[in-house]
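What follows is one structure encoded as structure tokens, with my remarks underneath.
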Amino acid sequence: MTIFEYDFMIRALMAALITGLTAPALGIYLVQRRMSLIGDGIGHVALTGVGIGLLTGNSPVLAAVVVAAMGAIAVELIRQRGRTSGDIALAILFYGGIAGGVFLVGLASDKSNANLMAYLFGSPLSASRDDLVVMGVLGAGVLAVTVLLRPWLFAICHDEEYAKVSGLPVRTLNLLIAVATAVTVTVAMRAVGLLLVSALMVVPVAAAQQLTRGFRSTMHAAMGIGVLAAALGIWISGTAGAQGTAPGATIVLVAIGLFLAATVGAAGWRFLRRRTGAALGRLGGERAAPVEIEPPDVVLDR
Amino acid sequence: MTAGNTPIVAVDRAVAAYADRPVLRAVSLRVYAGEVVAVLGANGSGKSTLIRAALGLVPLSAGTVRLFDTPLRRFRQWRRIGYVPQRVGAGSGVPATASEVVAAGRLARRGFPRPARNADRAAVTGALAAVGLADRVGDPVGTLSGGQQQRTLIARALAGQPELLVLDEPTAGVDAASQQAFADALQAFVDGGGTVLLVAHELGPLQRLISRAVVLHDGGIVHEGPVPEPAGHHADPTHDHVHPHGPVEKPGLWSGP
Numbered sequence: 061m062t063i064f065e066y067d068f069m070i071r072a073l074m075a076a077l078i079t080g081l082t083a084p085a086l087g088i089y090l091v092q093r094r095m096s097l098i099g100d101g102i103g104h105v106a107l108t109g110v111g112i113g114l115l116t117g118n119s120p121v122l123a124a125v126v127v128a129a130m131g132a133i134a135v136e137l138i139r140q141r142g143r144t145s146g147d148i149a150l151a152i153l154f155y156g157g158i159a160g161g162v163f164l165v166g167l168a169s170d171k172s173n174a175n176l177m178a179y180l181f182g183s184p185l186s187a188s189r190d191d192l193v194v195m196g197v198l199g200a201g202v203l204a205v206t207v208l209l210r211p212w213l214f215a216i217c218h219d220e221e222y223a224k225v226s227g228l229p230v231r232t233l234n235l236l237i238a239v240a241t242a243v244t245v246t247v248a249m250r251a252v253g254l255l256l257v258s259a260l261m262v263v264p265v266a267a268a269q270q271l272t273r274g275f276r277s278t279m280h281a282a283m284g285i286g287v288l289a290a291a292l293g294i295w296i297s298g299t300a301g302a303q304g305t306a307p308g309a310t311i312v313l314v315a316i317g318l319f320l321a322a323t324v325g326a327a328g329w330r331f332l333r334r335r336t337g338a339a340l341g342r343l344g345g346e347r348a349a350p351v352e353i354e355p356p357d358v359v360l361d362r
Numbered sequence: 004m005t006a007g008n009t010p011i012v013a014v015d016r017a018v019a020a021y022a023d024r025p026v027l028r029a030v031s032l033r034v035y036a037g038e039v040v041a042v043l044g045a046n047g048s049g050k051s052t053l054i055r056a057a058l059g060l061v062p063l064s065a066g067t068v069r070l071f072d073t074p075l076r077r078f079r080q081w082r083r084i085g086y087v088p089q090r091v092g093a094g095s096g097v098p099a100t101a102s103e104v105v106a107a108g109r110l111a112r113r114g115f116p117r118p119a120r121n122a123d124r125a126a127v128t129g130a131l132a133a134v135g136l137a138d139r140v141g142d143p144v145g146t147l148s149g150g151q152q153q154r155t156l157i158a159r160a161l162a163g164q165p166e167l168l169v170l171d172e173p174t175a176g177v178d179a180a181s182q183q184a185f186a187d188a189l190q191a192f193v194d195g196g197g198t199v200l201l202v203a204h205e206l207g208p209l210q211r212l213i214s215r216a217v218v219l220h221d222g223g224i225v226h227e228g229p230v231p232e233p234a235g236h237h238a239d240p241t242h243d244h245v246h247p248h249g250p251v252e253k254p255g256l257w258s259g260p
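So the sequences go chain by chain: A and B.
Residue numbers for the first sequence, in our numbering: 61 to 362.
Residue numbers for the second sequence, in our numbering: 4 to 260.
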């Protein structure tokens, strides 16, 4: 653990931990809506914000928050229309966003290539104290929304029509999710980069739901897995190889590794339980008897 | 509870269309306190559209809707209504326990940012018990059978302790045990002074509860009054009314308008 003697490694670790905690807390709502890839698209759009920030001499992070929020609201409006042409509109928005970003970053700087790579794939090692403060504040905002408003956000993501008939402020909550997505993307930009943001929103959730039964437990497990992946990823990237590996990519690979481990572990656990259940059934029977036999019916689980 | 002659639901000359296809042709419907009204009809008759329009989920191109004597546009007392949609989306991308799904039905009564109190938790457990799922509280909804998922959605509506229940095809594709549990829960709701508006393809054990039936055909009301006698081979006492398409019907066919 000697790598954490360096201040920049500590700051990198903190940047990664903030990201690992917040990204899955928001991502779970996107996964529930089956909009897992929206985070990726918003990340593309945020790059245009970065370009505008660099070009005008403003903070790239704040410009990215604003532009990504506008992109996320546009996505939400397209989703509400809910027709097939929306698909094309999203594609134009996302690729327009990343092309515009690359174009503007190129205009803004003579050493644009390094700059661009830092935003696209993350550069937690260069995070400054001020960067961490901004990330911490934005991350705390995302956590406050996603954790405290969980029952309401769950309701609109689970069954939007029902939420409407319950009189919930559905439109406001949808816009809140959209803006929180944009903020999360910008928080994660420093740690894993805009192209890998979506992975930390989705993969920890996918891993967690191999192990959990409810929404709340999935959320908590996903946040734990996100933090674990972030910490392990920074450590591995600092110690592996002579020069170390790219931190963002390493974190994502660790998260995918945890997903595979959770999937294999859950399958193995189910297999073992079935085996022991069958063995118990041969021995005595009471415990292994099926709890309830229902007449066959139609299961409309989509 | 609204007494006397003011209807709880008043739909007047409602007209609705999907694209260019008319679905409702000037349909009027009134539901009074304490009634159990069944809207019957074949697939595509407009029966689901009618109750969805009454809740503001389908826009009307003409006609008016009043809920609890308030125009739909200005209606805000949604806690008085419990809605049971057709059973799609009970399972979702992320696992959710039965009690988490049912707790969503409590939100209308809870008020926007207020944390759950003991009364809210008690209402959730009580509603699940009322539909006979007390032992499945912590189970993921996705692992429940179709009938149990449907009962979960009914528990969600009951958890808000509404005065009016609106149910869209509550018994479609539901096993006999669940239909009976559902009929019992509905009976208890009606005995407690509740009003029910439901859409059904067939009534099954619900028939004894119905106080009035409205039959829709091609977007218009063709019968209003007692539940019509089964006709043709449906009237045969040995006809067990299991539709051949029932068990094999693909998911999604019920999700249409």
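For glycine and all other residues, C-beta sits at the position ideal for the given N, C-alpha and C.
Values in this document were obtained by computation on a predicted structure and should not be read as measured data.
Hey, out of B:A119, B:A99, B:V18, whose CA is closest to B:P62's CA?
The shortest C-alpha separation from B:P62 is found at B:V18.
I'd like to know whether the C-beta of B:V169 is nearer than 9 Å to at least one C-beta of chain A.
yes
Taking B:I20 as the reference, which of B:L136, B:A56, B:A13, B:P231 has the closest Cα?
Reading off the sequence, residue 20 of chain B comes out as Ala, not Ile. Checking every option, the nearest Cα to that of B:A20 belongs to B:A56.
Below-9 Å beta-carbon distance, A:D100 vs any chain B residue:
no
So, is A:I285 buried or exposed, given that buried needs 16 or more other C-beta atoms within 10 angstroms?
buried
Please compile the residues from chain A whose C-beta is within a distance smaller than 7 Å of the C-beta of B:V68.
Residues of chain A passing the Cβ test: none, with the nearest at roughly 13 Å.
Please state whether DSSP places B:D142 in a helix, a strand or coil.
coil
Straight-line CA distance for A:G253 to A:S183?
7 Å
For B:E166, which of B:P88, B:V39, B:A29 has the nearest alpha-carbon?
B:V39
Classify B:V40 as helix, strand or coil using the three-state DSSP reduction.
strand
Which residue's Cα is closest to the Cα of A:L236: A:T246, A:A132, A:A251?
Closest option to A:L236, Cα to Cα, is A:A132.
Start and end residues, alpha helix (DSSP H) containing A:I237
Counted as a single uninterrupted DSSP element, the alpha helix (DSSP H) harbouring A:I237 occupies residues 230-252.
Chain E contacts from the segment 42-71 of chain B (Cβ-Cβ distance under 9 Å):
Looking for chain E here will not work: the only protein chains present are A and B.
Residues near A:L203 by beta carbon distance below 8 Å, same chain, minus five either side
L81, T82, A85
Report the residues of the segment 187-216 of chain A with a CB closer than 7 Å to any CB of chain B, ordered along the chain.
Going along the segment 187-216 of chain A in chain order, one finds P211, W212, F214, A215 with a Cβ nearer than 7 Å to chain B.
Provide the residue span of the beta strand (DSSP E) that contains B:S31, from first to last.
24-34
Are the CB atoms of A:L153 and A:V162 within a distance shorter than 9 Å?
Not closer than 9 Å, so no.
Any beta carbon of chain A sitting closer than 9 Å to that of B:V97?
yes
Run through the DSSP bridge pairs and tell me what B:I84 is partnered with.
B:L167
Within the same chain, show all residues whose beta-carbon is closer than 6 Å to that of B:D15, passing over the 5 residues directly before and after it, in chain order.
S31, G66, T67
Look up B:P74 in the DSSP assignment and say whether it is helix, strand or coil.
B:P74 carries a strand assignment under DSSP once its states are collapsed to helix, strand and coil.
Can you tell me which of the three DSSP states A:A204 falls into?
Helix at A:A204.
Taking the straight line between their C-alpha atoms, what separation do you get for A:Y89 and A:F214?
7 Å
From the DSSP output, read off the bridge partner residues of B:G223.
B:H220
Near-chain B residues of the segment 224-237 of chain A (beta-carbon distance less than 8 Å), N- to C-terminal order
K224, V225, S226, G227, L228, P229
Just checking: is the beta-carbon of B:I84 within a distance shorter than 9 Å of some beta-carbon in chain A?
yes
Cut-off 8 Å between Cβ atoms - residues of its own chain near A:A306, not counting five sequence neighbours on either side
F181, G182, S297
Return the CA-CA distance between B:R90 and B:G49, expressed in angstroms with no decimal places.
18 Å
Name the chain A residues that come within less than 8 Å of B:A107, Cβ to Cβ?
P211, F214, A215, H218, D219, Y222, A223, S226
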